[in-house]
Amino acid sequence: MYLYCFARSERAKMTGGHLLDKAEGEWITDCENFVSWVGDRNERADSALVLLLPTEAAVKILIERVYPADIRFPVIQVTPDGKYAGVLRSVGYNTHDILSRICSIIGCKPLSTPDDRADFAPDLKKTVTDYKMTALDQDLLDQTAEAIKKGASIQVYSDMPLHMAEPVLDTMSYAPFIFRSNQKRELCQAFISSCEADEPSIFITCSTLPEVESYGKCLVLIPRTIAVGLEIAARADAEYAVETVRDTLINHEIDPRAVATIAVSDIARDSDAVGKIAESLGCYVTSFDSRLIKAVKVPLNPTYSGAKMTADLCTAAASLASDNGRMLIRRAGSKNSIILTAMMKRGSIVLTE
14 MYLYCFARSE RAKMTGGHLL DKAEGEWITD CENFVSWVGD RNERADSALV
64 LLLPTEAAVK ILIERVYPAD IRFPVIQVTP DGKYAGVLRS VGYNTHDILS
114 RICSIIGCKP LSTPDDRADF APDLKKTVTD YKMTALDQDL LDQTAEAIKK
164 GASIQVYSDM PLHMAEPVLD TMSYAPFIFR SNQKRELCQA FISSCEADEP
214 SIFITCSTLP EVESYGKCLV LIPRTIAVGL EIAARADAEY AVETVRDTLI
264 NHEIDPRAVA TIAVSDIARD SDAVGKIAES LGCYVTSFDS RLIKAVKVPL
314 NPTYSGAKMT ADLCTAAASL ASDNGRMLIR RAGSKNSIIL TAMMKRGSIV
364 LTE
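For the sequence shown, this note's numbering begins at 14 and goes up steadily by one.
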């Protein structure tokens, strides 16, 4: 391993000197320029920044001098007397291996363990369950969730609103990248690159993604957040209706596994076609009284106009089921038998609690 050591007191320098006698490394002599001193000097994966300072001073240095985006190495604190050492910033899978080697050299007690991150790391599997997400690879979900508990920082890509309950802690585990609705090309490019990358990543989206030979370490999660309102003819063929709905969603770049509910009028609820569609999509059926549907007002155009407010049956049903969410499709399908409107439910996905 290669260590960049910083100390102020003579006692701390003696401890650091003993450490550097047994390990490769150097002293940092310019406290004002931690980033330029450490950031560009080598590419070794077993490098670390060692602060031989009391905890208060080490944390202050970490906050004000060591920027996470600029330094790629773990940050280890060693008390000046050499009795204790702990992880201030974990980077990569070998952070605790480096800590163990430091402790073995100077005979100090480790204050950090590989299981520490599990005490505050988010529970990815709980998020998947809460939002009824479909994981395209269950084994990869297990591996990614375990990696987060062990201290991995995972890049999260999405074209949906994401929220973190405690950003200061949660950004230690998740690095979110949010794409706007008009950035589908950029989302797909990021997906292809992530499938080829060595580092794990997560994609949370209701959109269809490009076909790839292998997902690699890219975990795709599809949350059920879409309500589909239907207008369906009384004699519509059930199999044809299923095919029409699935094809319409895919043609509009919506993954059918993202549908949470089929919204219809009370009259259409018992239709065989509606039941088959819900069964095919793995979702439930929500029905509304016709009077409630008629009372819904939805703008005909993106620009609001009070004089141009109306709602067809499928759009009104989708609006009610999604709590007046974001419109994705309006009145598409087969004019002779089935028409649908798709809306994303209001609100954001809370990644952590």
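Beta carbons are placed, not taken as given, at the ideal position from N, Cα and C, and that holds for glycine.
For V169, does the three-state DSSP call read helix, strand or coil?
Counted from its first residue, the sequence shown places residue 169 at position 156. Three-state result, V169: strand.
Just verifying my parser: in three-state terms, what is the DSSP assignment at I352?
What you label residue 352 is simply residue 339 of the sequence shown in a count that begins at 1. DSSP places I352 in strand when its eight states are reduced to three.
With DSSP collapsed to three states, give me the class of F19.
Indexing the sequence shown from 1 puts residue 19 at position 6. DSSP places F19 in strand when its eight states are reduced to three.
Could you give the first and the last residue of the continuous beta strand (DSSP E) run that contains A36?
Translated into positions along the sequence shown, residue 36 becomes position 23. Taken as a continuous stretch (DSSP letters only), A36 belongs to no beta strand (DSSP E), as it is neither H nor E.
Roughly how many whole angstroms lie between the Cα atoms of E212 and S166?
Locating residue 212 in the sequence shown gives position 199, where the first residue counts as 1. Locating residue 166 in the sequence shown gives position 153, where the first residue counts as 1. Each residue's Cα considered, the two are about 9 Å apart.
Have a look at P223, S186, K26 and flag the residue whose alpha-carbon is nearest the alpha-carbon of R198.
Counted from its first residue, the sequence shown places residue 198 at position 185. Out of P223, S186, K26, P223 has the C-alpha closest to the C-alpha of R198.
Applying the 10 Å Cβ sphere with the 16-neighbour rule, what's the burial state of Q90?
Within the sequence shown, numbered from 1, the residue matching residue 90 stands at position 77. It counts as buried.
Name, in chain order, the residues that DSSP records as bridge partners for G346.
As a working note, residue 346 is residue 333 in the sequence shown. Paired residues: I352.
Going by beta carbon distance, what residues of the same chain come within less than 7 Å of A320, once the five residues before and after it are set aside?
Here the question's residue 320 lines up with position 307 in the sequence shown. The predicted model places A320 with a pLDDT of 44, which falls under 50 and marks its position as unreliable; any figure quoted below should be read in that light. No residues qualify anywhere along the chain.
Opposite T299 in the DSSP bridges: which residues?
Position 286 of the sequence shown, counting from 1, holds the residue named residue 299. Paired residue(s): A276.
Which residue's Cα is closest to the Cα of M357: A276, I351, A308?
Locating residue 357 in the sequence shown gives position 344, where the first residue counts as 1. It is A276.
Taking the Cβ atom as the reference point for each residue, do R119 and V63 lie within a distance shorter than 8 Å?
On the sequence shown, position 106 is the one that residue 119 refers to. On the sequence shown, position 50 is the one that residue 63 refers to. The residue you asked about is not Arg; residue 119 is Ile in the sequence shown. No, the Cβ-Cβ distance between I119 and V63 is not below 8 Å.
Which residues does DSSP list as the beta-bridge partners of S220?
Position 207 of the sequence shown, counted from the start, is the residue given in the question as residue 220. I267.
Exposed or buried, V225, counting other C-beta atoms within 10 Å across all chains shown (16 or more means buried)?
As a working note, residue 225 is residue 212 in the sequence shown. The residue is exposed, with fewer than 16 neighbouring Cβ atoms inside 10 Å.
Counting along the chain, where does the alpha helix (DSSP H) carrying Q151 start and finish?
One-based indexing of the sequence shown puts residue 151 at position 138. That run of the alpha helix (DSSP H) goes 151-162.
Rounded to the nearest angstrom, how far is the Cβ of V267 from that of C231, given a contact under 8 Å?
Locating residue 267 in the sequence shown gives position 254, counting from the first residue. Locating residue 231 in the sequence shown gives position 218, counting from the first residue. Residue identity differs from the one stated: residue 267 is Ile in this sequence, not Val. Wrong, their Cβ atoms sit about 20 Å apart, outside the cutoff.
In the structure shown, what three-state DSSP assignment does E292 receive?
The residue you call residue 292 lines up with position 279 of the sequence shown. Looking at E292 - three-state DSSP - the assignment turns out to be helix.
In three-state terms, what does DSSP make of T142?
For the purposes of this step, residue 142 is identified with residue 129 of the sequence shown, where counting begins at 1. Of the three classes helix, strand and coil, the one that applies to T142 here is helix, per DSSP.
Do A25 and L65 have their C-beta atoms closer together than 8 Å?
Working through the sequence shown from its first residue, we reach residue 25 at position 12. Working through the sequence shown from its first residue, we reach residue 65 at position 52. Taking 8 Å as the Cβ cut-off, A25 and L65 qualify as a contacting pair.
Between E252 and R193, what straight-line distance do the alpha-carbon atoms span, to the nearest angstrom?
Here residue 252 refers to the residue found at position 239 when the sequence shown is read from its first residue. Here residue 193 refers to the residue found at position 180 when the sequence shown is read from its first residue. Approximately 35 Å, taken between the alpha carbons.
So who's on the other strand from H176, going by DSSP bridges?
As a position in the sequence shown, residue 176 is number 163, starting the count at 1. According to DSSP, H176 bridges with V363.
Helix, strand or coil for L65, going by three-state DSSP, please let me know.
The residue labelled residue 65 in the question sits at position 52 within the sequence shown. Three-state DSSP puts L65 in a strand.
What does DSSP give as the partner residues of F192 in its beta bridges?
Numbered from 1 along the sequence shown, position 179 holds the residue referred to as residue 192. Bridge partners of F192: none, in fact.
Closest by CA to K96, which one among I362, R304, T68, V88?
The residue you call residue 96 lines up with position 83 of the sequence shown. Of the candidates I362, R304, T68, V88, the one whose C-alpha sits nearest the C-alpha of K96 is T68.
Applying the 10 Å Cβ sphere with the 16-neighbour rule, what's the burial state of A286?
For the purposes of this step, residue 286 is taken as residue 273 along the sequence shown, with counting starting at 1. Its Cβ being crowded by 16 or more others within 10 Å, A286 is buried.
Counting only the same chain and skipping the five closest in sequence on each side, list residues whose C-beta sits under 6 Å from that of S214.
The count along the sequence shown starts at 1 and reaches residue 214 at position 201. Cβ neighbours of S214 beyond the five flanking positions: Q168, S207, C231.
Checking 8 Å against the spacing of the C-beta atoms, do S278 and I239 come in under that value?
Within the sequence shown, numbered from 1, the residue matching residue 278 stands at position 265. Within the sequence shown, numbered from 1, the residue matching residue 239 stands at position 226. Taking 8 Å as the Cβ cut-off, S278 and I239 do not qualify as a contacting pair.
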